[in-house]
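Here the structure comes first, spelled out in structure tokens, and everything after it is commentary.
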Amino acid sequence: ESIDLGEIMFSLCYLPTAGRMTLTVIKCRNLKAMDITGASDPYVKVSLMCEGRRLKKRKTTTKKNTLNPVYNEAIIFDIPPENVDQVSLSIAVMDYDR
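Under full-length UniProt numbering, think of the first position of the sequence shown as 1, with each following residue one higher.
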């Protein structure tokens with residue numbers, strides 16, 4: 001039984017000539033309320049993973065008091081082309097207060 005926690009919209013682009021991966025976090029919608037007030041202060045946390053280890057982490061700004069935040073923020077990781085098939089991204093929407 002799955003629990004609906006909301007949706008996240010993002011785009012992912014890799015430029016092999018520059019060795020650059022760009023994750024653009026566009027927006028989230030219908031997030032589950034985490035505060036008593038019925039809202040949340042969400043941000044998106046992105047981790048670059050390799051063989052179960054976190055190599056780098058980045059996060060967006062925190063959007064106050066909303067369940068439908070709009071970010072339009074680019075998160076960039078430098079990944080050489082020879083390593084791109086060995087890495088993965090972990091993307092999580094977090095509540096600032098928790």
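Every residue, glycine too, gets a C-beta built ideally from N, C-alpha and C.
Item checked: For asparagine 83, the three-state DSSP class (helix, strand or coil) -> Residue mapping note: residue 83 aligns to position 83 of the sequence shown, counting from 1. Looking at asparagine 83 - three-state DSSP - the assignment turns out to be helix.
Notebook entry, point to check: In the DSSP assignment, what residue or residues form a beta bridge with residue 125?
Noted result: This structure leaves residue 125 out entirely; the chain is present only between 1 and 98.
Next item on the list: Inspect the beta-carbon positions of leucine 48 and valine 87 and report whether they are closer than 8 Å.
Entry: Within the sequence shown, numbered from 1, the residue matching residue 48 stands at position 48. Within the sequence shown, numbered from 1, the residue matching residue 87 stands at position 87. Result yes, Cβ atoms of leucine 48 and valine 87 sit closer than 8 Å.
Next item on the list: Quick one: grab the DSSP three-state call for lysine 32.
Entry: Here residue 32 refers to the residue found at position 32 of the sequence shown. Note: lysine 32 maps to coil in three-state DSSP.
Note to self: Which of the three DSSP states is assigned to aspartate 95 in this structure?
What the structure shows: Taking the sequence shown and counting its residues from 1, one reaches residue 95 at position 95. Strand at aspartate 95.
Notebook entry, point to check: What do you get for valine 25, buried or exposed, if any count of 16 or more other CB atoms within 10 angstroms of its CB means buried?
Noted result: Along the sequence shown, one-based indexing puts residue 25 at 25. Classification of valine 25: buried, given that the 10 Å Cβ count is 16 or more.
Notebook entry, point to check: Relative to the C-alpha of asparagine 30, which residue among Val84, Thr61, Thr37 and Gly6 is closest?
Noted result: Here the question's residue 30 lines up with position 30 in the sequence shown. Looking at the Cα atoms, Gly6 is the closest of the given residues.
Notebook entry, point to check: By how many angstroms is the C-alpha of aspartate 4 removed from the C-alpha of aspartate 41?
Noted result: Position 41 of the sequence shown, counted from the start, is the residue given in the question as residue 41. Position 4 of the sequence shown, counted from the start, is the residue given in the question as residue 4. One C-alpha to the other measures close to 18 Å.
Next item on the list: Over the uninterrupted beta strand (DSSP E) stretch that includes isoleucine 8, give me the two end residues.
Entry: Here the question's residue 8 lines up with position 8 in the sequence shown. Per DSSP, isoleucine 8 belongs to the beta strand (DSSP E) from 7 to 15.
Notebook entry, point to check: Who pairs with proline 42 in a beta bridge, going by DSSP?
Noted result: As a position in the sequence shown, residue 42 is number 42, starting the count at 1. Looking at the DSSP assignment, proline 42 forms a beta bridge with Asp95.
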